[in-house]
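K.L.:
Chains S and H are the protein sequences, given in the same order. Under our numbering, the first residue of the first sequence carries the number 1, and numbering increases by one thereafter. Under our numbering, the first residue of the second sequence carries the number 1001, and numbering increases by one thereafter. For every residue, glycine included, the Cβ atom is placed at its ideal position computed from N, Cα and C.
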Amino acid sequence: GAVVSQHPSWVICKSGTSVKIECRSLDFQATTMFWYRQFPKQSLMLMATSNEGSKATYEQGVEKDKFLINHASLTLSTLTVTSAHPEDSSFYICSARGYSSYEQYFGPGTRLTVT
Amino acid sequence: QKEVEQNSGPLSVPEGAIASLNCTYSDRGSQSFFWYRQYSGKSPELIMFIYSNGDKEDGRFTAQLNKASQYVSLLIRDSQPSDSATYLCAVKGAGGYQKVTFGIGTKLQVIP
Chain S
1 GAVVSQHPSW VICKSGTSVK IECRSLDFQA TTMFWYRQFP KQSLMLMATS
51 NEGSKATYEQ GVEKDKFLIN HASLTLSTLT VTSAHPEDSS FYICSARGYS
101 SYEQYFGPGT RLTVT
Chain H
1001 QKEVEQNSGP LSVPEGAIAS LNCTYSDRGS QSFFWYRQYS GKSPELIMFI
1051 YSNGDKEDGR FTAQLNKASQ YVSLLIRDSQ PSDSATYLCA VKGAGGYQKV
1101 TFGIGTKLQV IP
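Right, here's the structure in full:
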């Protein structure tokens, strides 16, 4: 199956700092990438959808100025959490979908803790 | 009405039994259906997808789709303790870039 990687797998940062999370498709070209957030014992919440070379489409209630998404190439998307606060602590997961493919493949996730 | 509905469980089955996981969806135009398995603290893993009415089998897993009833299910035969996880149903609408909508997931516990 398709492989998606994420880096870092976990990060601890201080309140007010910014954190960048990378998502890479390793063996296919990801025309569309998705960013999800998952709080403990809750379901996945889609934050935004990004198509390569285009601006990301954010879900209602997600601050685009706080969660900056860049999908600069067919294999890399980044999520930057700006001015992080403790309530941003969560499990952030990206997924990727290839051209003319319906299946989404998930990265291993990044656990963010803001102190 | 939620777009994709699942019973959150937990669903407990004895080892060796058949586990039956169910999902209903509201968008009649939905075309693609997926089952993901998520272990605690890990990201989801795609285990099955189905596009046509009927059954699709892969090893111990069988996905069943009934578009008229807007119902999709996952059967796990010979359940093992390692199958204990949360199973997420996901539905994609028609169109190339329609997003996938996930259900809340059903927690399955296989009792040794």
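Would you call S:HIS71 buried or exposed, if buried means 16 or more other Cβ atoms sit within 10 Å of its Cβ?
P.N.:
With 16 or more Cβ atoms within 10 Å of its Cβ, S:HIS71 is classed as buried.
K.L.:
Where does S:LEU26 land, buried or exposed, given buried means 16+ other C-beta within 10 angstroms?
P.N.:
With fewer than 16 other Cβ atoms within 10 Å, it is exposed.
K.L.:
Hey, would you say H:CYS1089 sits closer than 9 Å to H:PHE1049, going by beta carbons?
P.N.:
Taking 9 Å as the Cβ cut-off, H:CYS1089 and H:PHE1049 do not qualify as a contacting pair.
K.L.:
Using CA coordinates, which residue listed in H:VAL1091, H:VAL1072 and H:GLN1070 is at the minimum distance from S:TYR102?
P.N.:
Of the listed residues, the one whose Cα sits closest to S:TYR102 is H:VAL1091.
K.L.:
Can you round the beta-carbon distance between H:LEU1075 and H:ILE1018 to whole angstroms, since I take them to be within the 8 Å contact cut?
P.N.:
Right, their Cβ atoms sit about 6 Å apart.
K.L.:
Within a Cβ cutoff of 6 Å, which residues of the same chain sit near H:ASP1083, ignoring the five residues on either side of it in sequence?
P.N.:
Here the set comprises ILE1076 and VAL1110.
K.L.:
Which same chain residues end up closer than 6 Å to S:SER50 when comparing Cβ atoms and leaving out the 5 residues on each side of it in sequence?
P.N.:
Same-chain partners within the cutoff: MET33, ALA56, ILE69, HIS71 and SER77.
K.L.:
Residues in its own chain within less than 7 Å of H:GLN1080 by CB, not counting five upstream and five downstream?
P.N.:
So the list reads GLU1015 and VAL1110, once near-sequence residues are dropped.
K.L.:
Out of H:ARG1060, H:SER1008 and H:ALA1068, point me to the one whose CA is closest to H:ASN1022's CA.
P.N.:
Considering only alpha carbons, the answer is H:SER1008.
K.L.:
So, at 7 Å on beta carbons, what are the nonlocal neighbours of H:ASP1058 in its own chain, with the 5 sequence-adjacent residues on each side left out?
P.N.:
Result list for H:ASP1058: MET1048, in chain order.
K.L.:
Output the distance between the C-alpha atoms of S:VAL114 and S:ILE21, rounded to the nearest integer angstrom.
P.N.:
Their Cα atoms are separated by approximately 14 Å.
K.L.:
I need the straight-line Cα distance from S:ILE12 to H:ASP1027, nearest angstrom please.
P.N.:
Computed Cα separation, rounded: 40 Å.
K.L.:
Exposed or buried, which one is S:THR31 when buried takes at least 16 other CB atoms within 10 Å?
P.N.:
Counting Cβ neighbours within 10 Å, S:THR31 comes out buried, since at least 16 surround it.
K.L.:
Does the beta-carbon of S:TRP10 have 16 or more other beta-carbons within 10 angstroms, so that it is buried, or is it exposed?
P.N.:
That one is exposed.
K.L.:
Measure from the C-beta of S:GLU52 to each C-beta in chain H and report whether the shortest distance is under 9 Å.
P.N.:
Closer than 9 Å: no.
K.L.:
Could you tell me how far apart the beta carbons of S:ILE93 and S:TYR36 are, in whole angstroms, since I believe they sit closer than 8 Å?
P.N.:
Right, their Cβ atoms sit about 5 Å apart.
K.L.:
Given a cut-off of 9 Å, decide if H:THR1101 and H:VAL1004 are closer than it, judged by their beta-carbon atoms.
P.N.:
Result yes, Cβ atoms of H:VAL1004 and H:THR1101 sit closer than 9 Å.
K.L.:
Whose Cβ in chain S lies nearer than 9 Å to the Cβ of H:GLY1121?
P.N.:
This structure gives no information on residue 1121 of chain H, because the portion of chain H shown stretches from 1001 to 1112.
K.L.:
Just to check my reading of the structure: S:THR110 and S:GLN6 have Cβ atoms closer than 8 Å, yes? What is that Cβ distance to the nearest angstrom?
P.N.:
Contact flag correct, Cβ pair sits at about 5 Å.
K.L.:
Can you list the residues of chain S that H:LYS1099 reaches, using a CB-CB cut of under 8 Å?
P.N.:
Result: PHE34, LEU46 and THR49.
K.L.:
When we look at the beta-carbon of H:SER1043 and count the other beta-carbons within 10 Å, is it buried (16 or more) or exposed?
P.N.:
Buried.
K.L.:
Leaving out five residues on either side along the sequence, give the residues of the same chain with a beta carbon under 8 Å from the beta carbon of S:TYR99.
P.N.:
Hits under 8 Å: GLN29 and THR31.
K.L.:
So, with DSSP's three-state summary, where would you put S:ASP88?
P.N.:
It is helical.
K.L.:
What beta strand (DSSP E) runs, 3 residues minimum, are completely inside the segment 1008 to 1057 of chain H?
P.N.:
For the segment 1008 to 1057 of chain H, whole beta strand (DSSP E) runs of length 3 or above, ordered along the chain, are 1011 to 1014, 1019 to 1025, 1032 to 1038 and 1045 to 1050.
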